[in-house]
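Participant: I am attaching a structure below and will ask some questions about it afterwards.
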Amino acid sequence: MQKTTNKTRVFILLILSMLTLLSGCEFKDIDKVTFISMIGIDQSDNSDKPFKVTVKLYVPTSSFKQSPKPQYAYLTENGETLSEAIRLLETHSDKKLDFGHAKLVIIGEELLKANKEKEILDLLIRRPDIQLISWVAIGRPNAEEIIKMVPKSETAAYPAIFNYFDDNGTESPYSVSTFLFDFRRRMVESGIDAILPIIEMEQEESQFKINKAYILADGKKPHELSSHNTMLYNLLSMNIDIGDLIVNEEGHSFIAKIDTIKSKYKVKVQNDNQVRLDLDIKLFGYVSESKQSMQTKSLPKYNQLLEAEAKKSITDFFTEMLEAGYDPLGFGLKYKATTLPNQRMSMEEWQDAYKNAEINLNITSGLKSTGTIQ
Amino acid sequence: MSSQEMLRWINEQFKGTNQLTEKTLDYENKYIVLFYVKSMIDKALLQKIIIKPFFEMANEHQLRSYLLALPQFQKVESKEQLLFEITNGYTLVVIQDDLFLFDLKLSKNDQVNTTTVETTIHGSQLALSDNLLTNINVIRSTYHEPSLVTEFFTKGGANKQKVAMIYDKEKVNKDVLNIIRKRLQSVDKQVISATTQLNNFLNNKRFSLFPQMIMTERPDRIIYNIAGGKVILLEDGNPQSLAAPVVFFDFMTTMEDNYHTLLVSIFLKTLRYVGLFISLLLPGLYVGVTSYSPEVFRTELALTVAGSRIGVPFSSFVEVLFMLFFMELLLEASIRLPKVVSATATTVGGLILGTAVTEASLSSNIMVIIVSAVAISTFVIPVNEMAFSIRIVRFLLLVIASLFGLAGLALGLFVLIMYLVSISSFGEPYLRFYNFQKQKERTEEHI
Amino acid sequence: MSRFYYYLILVNMVSNIIASVPVILLYFHKEGAISSMILSVVVGTIIITVYTRFFNNFPGMTLPELLQKTTAKWFYNPFIFLLGILWFIAGMITLITFSFLLIRYLTPETPITQISLVLTISVIFGCLMKTNRVLYTIEIILILTFPLIFYIYLAAYSSKNLRWDFVKDAVLYFNQLPSFYAFSASFFLFLGVANMFIFNRFFTIKQKFGLKQIVFIMVTSTFALSTTYFIPIGFNGFEHIKDFIYPWISTSDSIRMKYFIIERVLFIFLLFYLGIAFLSILIHWHVSIEFFKFVFHLEKIKWKGVKIGIFLPLPFFIGISTYFVKRLDEYQLVRLSGIFYNSLSILFPLMIILFLFIKRRMKYAKNNEQN
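Written out as structure tokens, the structure is:
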């Protein structure tokens, strides 16, 4: 036994030294690597090379304390395909480009209108080094400008734009955030449609504005959601619990700050493929702004007003969605999840049924307070 | 062999040296001869219990009975024993043709020391002494079981030191006992001057990375180990003892763990194991992340690391090796230096390694932090011997991580665990978990 | 039962994720994956019960020893040789799959041969350890890695990005007829018990194996199996889930740990599953080597007085697996695993007949001894 273990060890040493000779070329230090912070994909003017890829690179500084201002480098390249553009990008850099830290992919609005999103999606998913938890967004007017803008408030190492998507920073009810994997599953699966935020710029203030969204559905033109509808989507999908509803009725005008929302959706199929969507929504919150002075004892009245207002807004939202046949909340999926496969209508039938669906909206509001003052 | 011949033989052995003192006492028809080595015996005691009574006794018969009754008395069995005992501080008394030995040894080293290696806040501050008998006395007086057995061996061809093997015969594992006894008997070395040397002699392997026995100077630890069924080895002239067999977890425990309240000791133990993993893995992790998979860490951290490496002329592997090497030098230096100088060494070393190296951008800031974290967490390992082994293993893991990246590091850790499980300390598996609720889950071993 | 018994079963249940099991199951997502899974839980639990009860009758005896006592040489030598090859393939599949994963996601620039060699060499000496030491290793590495893997499961289940509607959609396909491929793939989760062929050597005391233990195993396996199948669906959708080559890797990349030092769960998943893969290969190849040892009497082979016998299989193991790592592509690997799982799911239930035979013979032998 003793002898064998000694032999074993000698053998291990031998193998190890052999392996030492084998390896050596893939050792690459971190300072020989450039990290990409975000990727922008645009349509180029050159029709032979329709894709324009822009990447934002982190430029590391030796101490973030000494130079708190962010530094970036940018690379742009056109290509016939996306991977060609990326390959060309790599020839521009003296260091290895590392896509592993890219957290945001911005797609130019024009590309979206040209219906190139599937091609882009394919590449993003296929490359193993691109995170599936990177955010996807639409850049308006194009991705390149968005990528190249650095807001004044930005600090080193963490681009300010990430804060819009990350729940750590602003919890704005107006910005949608979509992960790459979520984008994919909504694109390829039937019964639920993808939604992507739109990033706009306010050039003079050097700020981003993210309060609109695009809904993408198979074989349809992308549909833009207004900021109000984006917020309603966020509330309804329960992505974000907060939201503002402006009530302006019967001489009362106040803003209800919603901080909790509970909703239940059901899809009921009646005879001859008539669909009814049962929506049961409970809103809780407080009054955050009012033009008149408010009375705590009349909270039930305010609740009624809020209910009426919410009902109106949400009905408007759904009418808009149903008419165009978009389904960002996934009612089609809900339908599939509750019906056995052999009893389901086909997806085309469902599309028609969805367009003509009847909405049964039931809203309960529970304002608990008028804020710190009456 | 008659006593006369024996005396002649003894005298021959000491011929040419002026070590052996021969003293003849003759008074009122009483006649005895004393032989002793002057430097070894307690002269006051000799005067008190042998010389003075000699002059007071009425006759030789009474004197002989008196001497036989003394507790220091020992029978003479062979001439070799006689010679050995005389060199060991015994006094030989010759009455007519009879030889008597008396233990009048003078020890200057029987004071117990205070703990220096395994210092604790709680518990006894006293360690063992340099004297074997005192040590046995210390152990005996805190372990009151009749089943405690002490066996003596004489080891070392040249210096013939006494080695004692102590165990509780009811608790000890018989197989282990036999292995140790056998190996102890087969030890054939000229000079054995420290107990810890036995660690190497009893372990049949030439290259063994991990200690097979645990060294301790604390009597409470010895008692704890004896009660746990271990065998303790003590050597005369040494304030350290060895316990065997050991398992890996012994090296991660201090005696204090038993003295603290449960939550405190769980916290301390967790701290220690986290420290162990940090000191093993951190350098390798740094190399693996910076040179193979920079996308593993979150972006901010990766950028900080990348930024701090700007201008460093070495690749990460050389950088880590360079810094670790200096840390090890500093460690070694501060052990060997006299206490007065060692403070200077640490200051100089800390200054050079900490500040100047980064100022000169020979190493990144983060590297300095990593090296100090590694150094600190190495100190957390309570038993010194294990800390030494860990320092070596750390370099091995660093090399593996530099060759194969993070996956290599993880595999290296698994192989290390496997190696620890596969080796044995005197037949017991070195690393395994014990289920204390079901101790007799199965009748152990030898599969 | 002793905790070590559960480790053997658990490793197989957990490690399936990185093998081809999820790929095969998800391939049949509309053609009877659910019903196959349910069927496999039933059959699997029966197999586990029968196997465990059988080996419980002969504490400390391995299958080769039992066969040697009860069957003829012409039968047991080729049979055990076949078993040895099966176990070798089981380990090799895990090895190849994990090498592919590492090269794809963690170290894309390292040559594949090197990755697989490092894996092979680090495992292979462990396979020569004594059986009890193998079990101790399993325990320690499991305790180190399993909590985090379990945490990943929990994070996946509690993630708000897990869309239960997809899962429900998938569940509704329960009424399809089971498919054999999907059945064998999910049946593989239960075959950890077959390692008792060798590891029974360790269990020298008769163990208790009653209803409580059976229910426990059934619940755990159902949990493991449904995690394997449903979590990727919940994260990546149902209709096109087939597209993924490594569904679980894509799934783990979809989980985010916002505040941890490592943000992408993918890497934690890879590094900690490396431990599970390590254990899986270790167990399978240990059993395999023990079988070969028995067939070829490897301990007796000496060269210049040194026992080199037990080292003889190692070059073959290293060589063959390295060859296949280079030779196979991802599609072939899934095909190979599919065929392998199929053959197992035929062979292992049939093994029960052999057990009955052995049991009768052993009874005779015992009676004869008493007379």
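Protein chains in written order, with my numbering: chain A, -12 to 361; chain B, 188 to 634; chain C, 58 to 428. All C-beta atoms, glycine included, are put in the ideal place defined by N, C-alpha and C.
I'd like to know whether the C-beta of Glu632 of chain B is nearer than 8 Å to at least one C-beta of chain A.
Facilitator: Residue placement at Glu632 of chain B is poorly supported in this model, since its pLDDT is 38, which falls under 50; the coordinates still yield a value, given next. With 8 Å as the cut-off, Glu632 of chain B does not count as an interface residue toward chain A.
Participant: Can you name, in chain order, every residue of its own chain whose Cβ lies under 7 Å from the Cβ of Asn232 of chain C, other than the five neighbours on each side?
Facilitator: Hits under 7 Å: none found.
Participant: Taking only beta-carbon positions, decide if Val175 of chain C is within less than 8 Å of chain B.
Facilitator: Yes, its Cβ sits closer than 8 Å to a Cβ of chain B.
Participant: Where does Arg581 of chain B sit, in a helix, a strand or coil, going by DSSP?
Facilitator: The answer is helix: DSSP assigns Arg581 of chain B an H, G or I state.
Participant: What is the DSSP secondary structure of Ser363 of chain A, reduced to helix, strand or coil?
Facilitator: Since the first residue shown for chain A is -12 and the last is 361, residue 363 of chain A is missing from the structure and cannot be characterised.
Participant: How many Å lie between Lys217 of chain B and Ser252 of chain B at the Cα?
Facilitator: Rounded to whole angstroms, Lys217 of chain B to Ser252 of chain B spans 13 Å at the Cα level.
Participant: Using a Cβ cut-off of 7 Å, pull out every chain E residue sitting near Arg485 of chain B, in sequence order please.
Facilitator: The structure shown contains no chain E; the protein chains it does contain are A, B and C.
Participant: Out of B:Leu488, B:His447, B:Tyr479 and B:Ala414, which has the shortest C-alpha to C-alpha gap to Glu320 of chain C?
Facilitator: Cα-wise, what sits closest to Glu320 of chain C is B:Leu488.
Participant: Could you please give the first and the last residue of the uninterrupted alpha helix (DSSP H) stretch that includes Ile91 of chain C?
Facilitator: That run of the alpha helix (DSSP H) goes Ala90 to Asn114.
Participant: Indicate whether at least one CB of chain C lies closer than 8 Å to the CB of Ala324 of chain A.
Facilitator: Taking Cβ atoms only, chain C reaches closer than 8 Å to Ala324 of chain A, which makes this a yes.
Participant: When the cut-off is 8 Å and only beta carbons count, does Asp222 of chain C lie next to chain A?
Facilitator: Yes - at least one Cβ of chain A is within 8 Å of the one on Asp222 of chain C.
Participant: Determine, using beta carbons only, whether Gly494 of chain B comes closer than 8 Å to chain A.
Facilitator: Chain A, which has a Cβ nearer than 8 Å to the Cβ of Gly494 of chain B, makes this yes.
Participant: I'd like to know if the region 198 to 208 of chain C and the region 331 to 342 of chain C are in contact, where contact means that at least 3 CB-CB pairs between them fall below 8 Å.
Facilitator: The region 198 to 208 of chain C is in contact with the region 331 to 342 of chain C.
Participant: Out of A:Leu293, A:Leu309 and A:Tyr252, state which residue places its alpha-carbon closest to the alpha-carbon of Glu237 of chain A.
Facilitator: Ranking the options by Cα distance to Glu237 of chain A, first place goes to A:Leu293.
Participant: Taking the alpha-carbon of Lys255 of chain A as reference, which of A:Trp337, A:Leu270, A:Pro184 and A:Glu276 has the nearest alpha-carbon?
Facilitator: It is A:Trp337 whose Cα lies nearest to the Cα of Lys255 of chain A.
Participant: Measure the C-alpha to C-alpha separation of Leu354 of chain A and Asp303 of chain A and round it to an integer number of angstroms.
Facilitator: Whole-angstrom Cα-Cα distance: 22 Å.
Participant: Considering Cα atoms alone, identify which of A:Tyr220, A:Glu189, A:Tyr341 and A:Val175 is closest to Ile133 of chain A.
Facilitator: Of the listed residues, the one whose Cα sits closest to Ile133 of chain A is A:Glu189.
Participant: Applying the 10 Å Cβ sphere with the 16-neighbour rule, what's the burial state of Asp361 of chain A?
Facilitator: It should be noted that the sequence gives Gln, not Asp, for residue 361 of chain A. It is exposed - the Cβ of Gln361 of chain A has fewer than 16 other Cβ atoms within 10 Å.
Participant: Determine the extent of the alpha helix (DSSP H) in which Lys15 of chain A is found, giving its start and end residues.
Facilitator: Where Lys15 of chain A is concerned, there is no enclosing alpha helix (DSSP H), given that its DSSP letter is neither H nor E.
Participant: Measuring only the C-alpha atoms, how far is Ile409 of chain C from Ser402 of chain C?
Facilitator: Their Cα atoms are separated by approximately 12 Å.
Participant: If you follow the beta strand (DSSP E) that Phe222 of chain B is in, where does it begin and where does it stop?
Facilitator: Note, Phe222 of chain B: beta strand (DSSP E), Lys217 to Val224.
Participant: Taking Cβ positions only, does Gly27 of chain A come closer than 8 Å to chain B?
Facilitator: Not one chain B Cβ lies under 8 Å of Gly27 of chain A.
Participant: Are the Cβ atoms of Arg485 of chain B and Pro569 of chain B separated by less than 8 Å?
Facilitator: Contact: no.
Participant: What residue range is occupied by the uninterrupted alpha helix (DSSP H) comprising Leu119 of chain A?
Facilitator: Premise fails: Leu119 of chain A is in no alpha helix (DSSP H) and is neither H nor E.
Participant: Determine, using beta carbons only, whether Asp85 of chain A and Thr41 of chain A come nearer to each other than 8 Å.
Facilitator: No.
Participant: For Glu77 of chain A, count neighbouring C-beta atoms within 10 Å of its own C-beta (all shown protein chains included) and say buried if the count is 16 or more, exposed if not.
Facilitator: It is exposed - the Cβ of Glu77 of chain A has fewer than 16 other Cβ atoms within 10 Å.
Participant: Under DSSP, the beta strand (DSSP E) around Ala431 of chain B begins and ends at which residues?
Facilitator: Segment Ser428 to Ala431, the beta strand (DSSP E) holding Ala431 of chain B.
Participant: Is there a Cβ of chain C sitting closer than 8 Å to that of Gly206 of chain A, yes or no?
Facilitator: Cβ-Cβ to chain C under 8 Å: no for Gly206 of chain A.
Participant: Answer with buried or exposed for Leu327 of chain A, where buried requires no fewer than 16 other C-beta atoms within 10 angstroms of its C-beta.
Facilitator: So Leu327 of chain A counts as exposed.
Participant: With 8 Å as the threshold, decide whether the Cβ of Phe326 of chain C is near any Cβ in chain B.
Facilitator: Taking Cβ atoms only, chain B never reaches closer than 8 Å to Phe326 of chain C, which makes this a no.
Participant: Any C-beta of chain A within less than 7 Å: which residues of the region 271 to 304 of chain C qualify?
Facilitator: Those residues of the region 271 to 304 of chain C that come within reach of chain A (Cβ to Cβ, closer than 7 Å) are Phe292, Asn293, Gly294, Phe295, Glu296 and His297.
Participant: Mind listing the chain B neighbours of Phe335 of chain C? Cutoff is C-beta to C-beta under 8 Å, in chain order.
Facilitator: Correct list: Leu598 and Phe601.
Participant: Which chain C residues sit within Cβ distance under 9 Å of Tyr479 of chain B?
Facilitator: Those within 9 Å of Tyr479 of chain B in chain C are Leu163, Thr164, Glu166 and Thr167.
Participant: In chain A, which residues lie with their C-beta within 8 Å of the C-beta of Asp310 of chain C?
Facilitator: Chain A residues near Asp310 of chain C: Gln118, Leu119, Ile120 and Phe168.
Participant: If we ignore side chains and look at the alpha-carbon of each, how far apart do Lys105 of chain A and Asn113 of chain C end up?
Facilitator: Those two C-alpha atoms are separated by around 58 Å.
Participant: Cα separation between Gln372 of chain B and Lys347 of chain B?
Facilitator: One C-alpha to the other measures close to 13 Å.
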